[in-house]
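Mapping of the sequence shown onto numbering that gives the first Met the number 0: position 249 corresponds to residue 248, and the numbering continues sequentially without gaps.
Glycine included, C-beta positions come from ideal geometry on N, C-alpha and C.
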Amino acid sequence: MRIGKTDQAFTAICTSDAESITVRGHDLCNDLIGKIDFTEYFWLLVLGEKPAPKQRAMLDACLVAIAEHGLVPSVQAARMTLAAAPEAWQGAMSAGLLGMGTVVAGSTEVAGRFLEEIRVAADKDGKGDEAAVIEALEALKARRAKVPGLGHPQHSEGDPRALRLMELCDEHEVSGRYVGILRLLGEHAPKIINRPLPVNVSGAIPAVILDAGWPVDALKAVPLVARAGGLAAHLLEESRRSIGFILSHNADLAISYDGKDAQKG
Numbered sequence: 000m001r002i003g004k005t006d007q008a009f010t011a012i013c014t015s016d017a018e019s020i021t022v023r024g025h026d027l028c029n030d031l032i033g034k035i036d037f038t039e040y041f042w043l044l045v046l047g048e049k050p051a052p053k054q055r056a057m058l059d060a061c062l063v064a065i066a067e068h069g070l071v072p073s074v075q076a077a078r079m080t081l082a083a084a085p086e087a088w089q090g091a092m093s094a095g096l097l098g099m100g101t102v103v104a105g106s107t108e109v110a111g112r113f114l115e116e117i118r119v120a121a122d123k124d125g126k127g128d129e130a131a132v133i134e135a136l137e138a139l140k141a142r143r144a145k146v147p148g149l150g151h152p153q154h155s156e157g158d159p160r161a162l163r164l165m166e167l168c169d170e171h172e173v174s175g176r177y178v179g180i181l182r183l184l185g186e187h188a189p190k191i192i193n194r195p196l197p198v199n200v201s202g203a204i205p206a207v208i209l210d211a212g213w214p215v216d217a218l219k220a221v222p223l224v225a226r227a228g229g230l231a232a233h234l235l236e237e238s239r240r241s242i243g244f245i246l247s248h249n250a251d252l253a254i255s256y257d258g259k260d261a262q263k264g
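Written out as structure tokens, the structure reads:
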């Protein structure tokens, strides 16, 4: 049974022969290894062209900003998996990455698509970015929905990572339409939603990286690649100084059973 297209069997990413490996039109051994850093290579792999210095700087800043943030649920899942299966680093790493959804880390993509929706709406109706932002916020309020890219349970006075990323974006003269929309959201959201809503890192990353030229359809790749680095650190520590079963035990102590009592007799 035929499913999907079968008439365009091509890839533009990599090929090899007996003597060489070609990646995005570059000889891997002669042009890339030892001559390009991983951030540049990541950009080249995804977009097919090497980044300009300012593009590389913003991608690098985003990767550093999101790589590590303590014992978040995805990290706990990875560490408990390794504690239970110490031979399975790949399983533990997968457990951590699979836990990156719309609430933690994967929220970068949600916020980025929200920024894109506002941009498209502003252009489509000619209303301008500020009017589109206000309209989007009012729609979220009516649905009692969260504002993607704003608010943080710990950094209630403002996410320092977000502030730094936007400062860097300004310094590198990358700030454009998306950063502008994000700043408008940060300005109007507290008044419309009626509570403090500072810009968070999940809002700043897509804004700055989209303005740098990164495609919206590849936004999820940025936190995934970054958090893989952080997970590697946690898994090495877990293998040497395990807390996986401590995490599990404390979860058991923190949760009370409220189900039915066992039938006696």
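So what does H25 bridge to, in DSSP terms?
Taking the first residue of the sequence shown as 1, we reach residue 25 at position 26. The partner list for H25 (beta bridge, DSSP) reads V22.
Whole angstroms is fine: what's the gap from I133's alpha carbon to T107's?
Residue numbering aside, residue 133 sits at position 134 when the sequence shown is read from its first letter. Residue numbering aside, residue 107 sits at position 108 when the sequence shown is read from its first letter. Cα to Cα, I133 sits roughly 21 Å from T107.
Any 3 or more C-beta pairs closer than 8 Å across the stretch 91 to 109 and the stretch 228 to 247
yes
What's the gap between the Cα of P197 and the Cα of K190?
In the sequence shown, residue 197 corresponds to position 198, counting from 1. In the sequence shown, residue 190 corresponds to position 191, counting from 1. Near 12 Å, if we compare the C-alpha coordinates of K190 and P197.
Simplified DSSP assignment, three categories, for L246:
Here residue 246 corresponds to residue number 247 of the sequence shown, with the count starting at 1. Three-state DSSP puts L246 in a helix.
Assuming G95 and L209 make a contact with CB atoms under 8 Å, what is their CB distance in whole Å?
For the purposes of this step, residue 95 is taken as residue 96 along the sequence shown, with counting starting at 1. For the purposes of this step, residue 209 is taken as residue 210 along the sequence shown, with counting starting at 1. Not really, about 26 Å apart at Cβ, beyond 8 Å.
Sequence-distant residues of its chain with Cβ nearer than 7 Å to M79 (five each side left out):
What you label residue 79 is simply residue 80 of the sequence shown in a count that begins at 1. G243, L246 and S247.
Report yes if the CB atom of K140 is closer than 7 Å to the CB atom of I180, and no otherwise.
Within the sequence shown, residue 140 is the residue found at index 141, counting from 1. Within the sequence shown, residue 180 is the residue found at index 181, counting from 1. No.
Whose CA, out of C61, A82 and E48, lies closest to the CA of R163?
Numbered from its first residue, the sequence shown carries residue 163 at position 164. Closest option to R163, Cα to Cα, is C61.
Please classify S15: does DSSP put it in a helix, a strand, or coil?
On the sequence shown, position 16 is the one that residue 15 refers to. Looking at S15 - three-state DSSP - the assignment turns out to be strand.
Give the single residue among D216, T5, L149 and T38 whose Cα lies nearest to the Cα of E115.
Position 116 of the sequence shown, counting from 1, holds the residue named residue 115. Answer by Cα proximity: D216.
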